Structures are given as C-alpha cells and as structure tokens.
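As structure tokens, the structure follows; a few thoughts come after it.
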Amino acid sequence: MREAIPRAFIKSFGCQMNVYDSERMGDLAAEAGYSEAARAEDADLIVLNTCHIREHASEKIYSELGKLRRLKEERGRAGRRTMLVVAGCVAQAEGAEILRRQPAVDIVVGPQSYHRLPELLGEARLRPGIVDTDFPLEDKFSHLPATPPDAIRRRGASAFVTVQEGCDKFCSFCVVPYTRGAEASRPLGSVLGEIAHLAQAGVSEVTLIGQNVNAYHGLDDRGQPIGLAGLIRAAAAVPGIRRVRYTTSHPNDMSEDLIQAHRDVRALAPFLHLPVQSGSDAILKAMNRRHRAADYLDIVARVRAVRPDIALSSDFIVGYPGETGADFDETLALVRTVGFASAYAFKYSPRPGTPAADMPAQIGAAEKERRLAALQALIEDQRQAFNRASVGRRLEVLFEKPGKREGQIAGRSPYMQAVFAEGPKSLIGKLAEVEILAAEAHSLRGRVVSPAS
Ligand code: SAM
Ligand code: SF4
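Read in order, the letters of the sequence shown are residues 837 to 1289 in the working numbering.
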C-alpha cells in the first residue's frame, strides 16, 4: 500500500513579515513532500509562526501550544506522528524556554534560520527538541525554493515580498532589534527576480515589506547601493506589475527621493503607513524615536505636496511610561492635524529586555484603556470621513476574492480601502474601475464601470 502524502499546517501570527515567512515555509514544506492541510487536526507537521511584539501576542502562543500538545497525543494514540514547530519572533526571543514550558515541541526555529526547516525536520525525527535561533551568515533567500506557480495563483493577485529585515533603531519599547537582528537588505537582483516570477504567475500588485522598509539599501547588479525609491521604480517596471506598495516605514528614513517617487511612479499606490507612535516630543524622546512631532508633520506636508490625495496611516502607542494627560492630548492634536485614512493604536505593553520595561511611572491599566478608547474613536471618525469622501468617485480596484454575499466580489482601492461590488468571479485577480456608491461600516460599496485595460 502507498503511504499517504504528509500534510502541513502553518499558522501565522502578527505582521506581514510573518505572513511572507509563513508562505515561504509553506514552499519549503511543499518541496519536502508535504501537501497543505486546512486544519491542524489533519496535519503531520504543524508550524506556529509567532509574534512577540506585545505580551498578549506571545502568551497566546503558549495557550495554543497546550491545545496542540493534546492534539499531538491524540494523533499519536491513533498511530500518527505530528511534528510541532515554533517559528518566528517568540522562537527567537525565548529559544529553549519554549521546550521547557512545552516539551511536546519538536523544533524551535528563528526567523533568520527557517530555510533550514527540511533538514531540521530530518534531525528532529531522530532527536526531538532542537533549537535553531542562529543568525547564520548564509543568505536565507538564496536557499528558499521558488514558489510554485499554482501556489502563487492560490495566494492571489497581491503578494508580499520581503526586501529588508531587522532594525537598528532601538526604540525603547520595541523587541524587533532583538528578535529580527540588525538591518539587512536583499540585493536588487534577488528581489526583482522574485517579483518577475510572481508576475509571470499572475500577480499584479506587490507590497515590498521590511521592519524598516524605507531603510532599504540593497546593491544593484554593478554592486552600487540603491535605496527604496530606486527599488520601487525597478519593481514598477517589471512586466505585469500594475501596483506597488511598501510598508513599514520610519519617519527618519523618508528620503526626498522616496517622496518624489510618490509623484513620478504611476504604479506606486497613494498610501503611506508611517508610524509616529506619539504626538508629544517628550514621549518621542523617551521612546528614542529621534524625531519630533513637527518633523513628522513636515514629512506629511511634503508628501501631500507631491501627492495631495495620498491616504495616510500610522501606529500609535498610548500609556507609554511617564505619558501625562497633556502628552496624550498632544497625540490627539497630531491626529487632528494630519487627518488619517486609517491607523492602529496600541496600549503600551512592557517587553522584557527593552529599556522602557524598567522605566518608572508605568501607566495603570484603566488609564491606558481610557486613552486607547479615546484615540481609537478619533481614528475611526477620520477613517469614516475619508471613506465618505470617496463616494461618487471612480477608483481602480484590484479584486482579490469573492465577497461575503453571493454574486459579490471584493478587493482594495489604491488607498487600501476594502471595496465590494456585484460582479463576475472572472474579475478576481484583475483591476477594474469601480464607481463608489456608498461608504458602509467597514468597506465601500461600488459598481463596476469597466474592467481596466
Ligand atoms: N518598524 C515599524 C516602526 O518603526 O514603527 C513598526 C514595527 S512594530 C512591528 C509595529 C507596531 O507595534 C509599532 O509601530 C508600535 O506601534 C507597536 N509596538 C511595538 N512595540 C510595542 C510595545 N511594546 N507595546 C505596544 N505596542 C508596540
Ligand atoms: Fe521597533 Fe520600528 Fe522602532 Fe525598529 S523602528 S525599534 S521596528 S518600532
């Protein structure tokens, strides 16, 4: 009798960087002979690709692992072996501690060494309990197999491409420099090769991603340094690529060249996610952000000067140690001044090993909650106002999937708004011009005017 094909289930937590890494681990598993499982219950290999950014995010992993231990035992009783892998930033930060807290785990592998997954699986079958959280010198990307075209098509017309990893900024609240290591950029040729491969399989939108994507400084084919603006121009020129996005940026790396790209590069979407964290100079200083609120407003003005319709987005932390009511009011004032299309607000979460975790004047839970609610209400008002202003306009929508209701299709506008419309499934994967009829709670409703050329 032929043995059944083993199946792999990969669950991603946290940011887009993890979504990308999970897809690449899926490619490695496919190459190692695994097919994709839709649920953990059916999988012979389970990978949790974890997030460590806030306390809540990492504690979630341990409760998930408790459930998976029971599943592994059940499957074991039925004679089926399950390999349990913890990858991502919790793996990097906690290493062997994960095995101590959950001995059912077979492999702990960090974000810089997951390209070794196939060999680690071989080793762990004989000797479970491997920890690989090295930052190897070899280039991870050159060891990853090309994604098979059918997998690209399944993932859709919009794809993430990691171009930069790690961070040298050391904001005092943040674990990223410790879990993802020093800033490193992929060479231009490697990124463009991947984009061309994606485009040949039908991808028309790429989002260039990095923890600090606008610090990108790759080398071109002649060994000359090239920044993010140059990379965006080159990506936009790849045949088949119609839209380029990038995320996440730091204000201090918002170069003039990058701002000009928002004017010159037609394919560059008019959307900018630029985290500011706080509107108070005292808090920005304590956070080691190395810019003032006025510097941020200046960047916003310069970007708007070249691209007046740009949709702006940001990240905020409320309740940072020592944040007074007046500091928080300055954050609200900055939000009112800018007028965001969307933004994320988080309660400060102390992360062991970061300077802010040991600062005096930690803010109480109730006060953090109150500030979060106030900021989120303001952001929500601005989001709705931005969406209402789209009603009556014609926007180019990249349709990505079927909508919730029969006969509907759903996609994104250039400004990252979710849009749905009545339309044939054949438009999925394509750009179409859509007249926006209404702004609903979480999305825009529109009418397909014409499929784009
Ligand atoms: N590199 C980006 C930047 O410069 O802002 C984002 C990195 S981080 C993955 C995404 C967001 O998580 C940050 O912008 C910040 O708002 C939030 N964050 C990071 N550490 C946090 C912490 N300790 N507590 C609460 N939020 C945090
Ligand atoms: Fe974290 Fe971003 Fe600051 Fe780097 S720049 S330390 S990733 S918040």
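Virtual Cβ for every residue (Gly too), placed ideally from N, Cα, C.
Model, not experiment: these values are computed from the prediction.
With a threshold of 6 Å, establish whether the CB of Gln852 neighbours any heavy atom of the ligand SF4. The sequence position of residue 852 within the sequence shown is 16, counting from 1. No, since every heavy atom of the ligand SF4 falls outside the 6 Å radius drawn around the Cβ of Gln852.
Got a list of residues with beta-carbon closer than 6 Å to any non-hydrogen atom of the ligand SF4, in chain order? Selection around the ligand SF4 by beta-carbon proximity, strictly under 6 Å to any non-hydrogen atom, yields Cys1003, Lys1005, Phe1006, Cys1007, Cys1010, Val1012, Pro1013, Gln1047, Asn1048, His1086 in chain order.
Please name the residue, chosen from Glu1258, Ile1068, Lys1266, Pro1023, that lies closest to Arg1283 on a Cα-to-Cα basis. Stepping through the sequence shown from its first residue, residue 1283 is reached at position 447. If you compare the alpha carbons of Glu1258, Ile1068, Lys1266, Pro1023 with that of Arg1283, the shortest gap goes to Glu1258.
Determine the direct distance from the alpha carbon of Glu1030 to that of Met837, and round the result to whole angstroms. Here residue 837 corresponds to residue number 1 of the sequence shown, with the count starting at 1. Here residue 1030 corresponds to residue number 194 of the sequence shown, with the count starting at 1. Unreliable placement is indicated for Met837, whose pLDDT of 46 sits below 50; the coordinate value is still reported in the next sentence. Cα to Cα, the separation comes out at about 39 Å.
Relative to the C-alpha of Pro984, which candidate in Ser1178, Gly902, Gln1036 has its C-alpha closest? As a working note, residue 984 is residue 148 in the sequence shown. Considering only alpha carbons, the answer is Gln1036.
Where Thr1173 sits in the DSSP three-state scheme: By 1-based counting over the sequence shown, the position of residue 1173 is 337. Three-state result, Thr1173: helix.
Contact test: Phe996 Cβ vs the ligand SAM heavy atom, cutoff 6 Å: As a working note, residue 996 is residue 160 in the sequence shown. Not one heavy atom of the ligand SAM is found less than 6 Å from the C-beta of Phe996.
Where Lys1183 and Tyr1156 are concerned, what is the direct C-alpha to C-alpha distance, given to the nearest angstrom? As a working note, residue 1183 is residue 347 in the sequence shown. As a working note, residue 1156 is residue 320 in the sequence shown. Between the alpha carbons of Lys1183 and Tyr1156 lies a gap of roughly 8 Å.
Excluding the 5 residues flanking Cys1007 on each side, which residues of the same chain have their C-beta closer than 8 Å to its C-beta? For the purposes of this step, residue 1007 is identified with residue 171 of the sequence shown, where counting begins at 1. If we look at Cys1007 and ignore the five residues flanking it on each side, its Cβ neighbours are Gln1113, Met1123, Asn1124, Arg1125.
Taking the runs of the beta strand (DSSP E) that are 3 residues or longer, which of them lie wholly in the region 1019-1095? Look at the region 1019-1095 and you find these whole runs of beta strand (DSSP E), each 3 residues long or longer: 1041-1045, 1053-1055, 1061-1063, 1079-1083.
Within 6 Å: the Cβ of Ser1149 and any heavy atom of the ligand SAM? Along the sequence shown, one-based indexing puts residue 1149 at 313. Result no, Cβ not under 6 Å from the ligand SAM.
Compute the distance between the beta-carbons of Lys1264 and Phe1235, then report whether it is under 7 Å. Walking along the sequence shown from the start, residue 1264 turns up at place 428. Walking along the sequence shown from the start, residue 1235 turns up at place 399. In the sequence as displayed, the identity of residue 1264 is Ile instead of Lys. Yes, they are a contact pair.
Exposed or buried, Arg1078, counting other C-beta atoms within 10 Å across all chains shown (16 or more means buried)? Taking the sequence shown and counting its residues from 1, one reaches residue 1078 at position 242. Classification of Arg1078: buried, given that the 10 Å Cβ count is 16 or more.
Cutoff 7 Å; reference Ala1118; Cβ partners in own chain excluding five residues on either side: Your numbering for residue 1118 matches position 282 in the sequence shown. Counting only Cβ-Cβ distances below 7 Å, and skipping sequence neighbours, we find Asp1163.
So that I know if they touch, is there some Cβ in chain D lying closer than 7 Å to that of Val1285? Included in the structure is just one protein chain, with no chain D present.
What residue from Ser1178, Glu1205, Gly1158 has the CA that sits closest to Ala1192's CA? Taking the first residue of the sequence shown as position 1, residue 1192 is located at position 356. Measuring from the Cα of Ala1192, the nearest candidate turns out to be Gly1158.
In this structure, what does DSSP give as the bridge partners for Ala1118? Counted from its first residue, the sequence shown places residue 1118 at position 282. DSSP lists no partner for Ala1118.
What's the call for Leu962, buried or exposed, on a 16-neighbour Cβ count within 10 Å? Along the sequence shown, one-based indexing puts residue 962 at 126. Exposed: under 16 other Cβ atoms inside 10 Å.
With a threshold of 6 Å (Cβ to nearest heavy atom), would Ser1185 be considered close to the ligand SAM? The sequence position of residue 1185 within the sequence shown is 349, counting from 1. Taking the Cβ of Ser1185 as the reference point, at least one heavy atom of the ligand SAM falls within a distance shorter than 6 Å.
Reference Pro1087, options Arg1069, Pro1111, Val1074, closest by Cα: Taking the first residue of the sequence shown as 1, we reach residue 1087 at position 251. Among Arg1069, Pro1111, Val1074, the Cα nearest to that of Pro1087 is on Pro1111.
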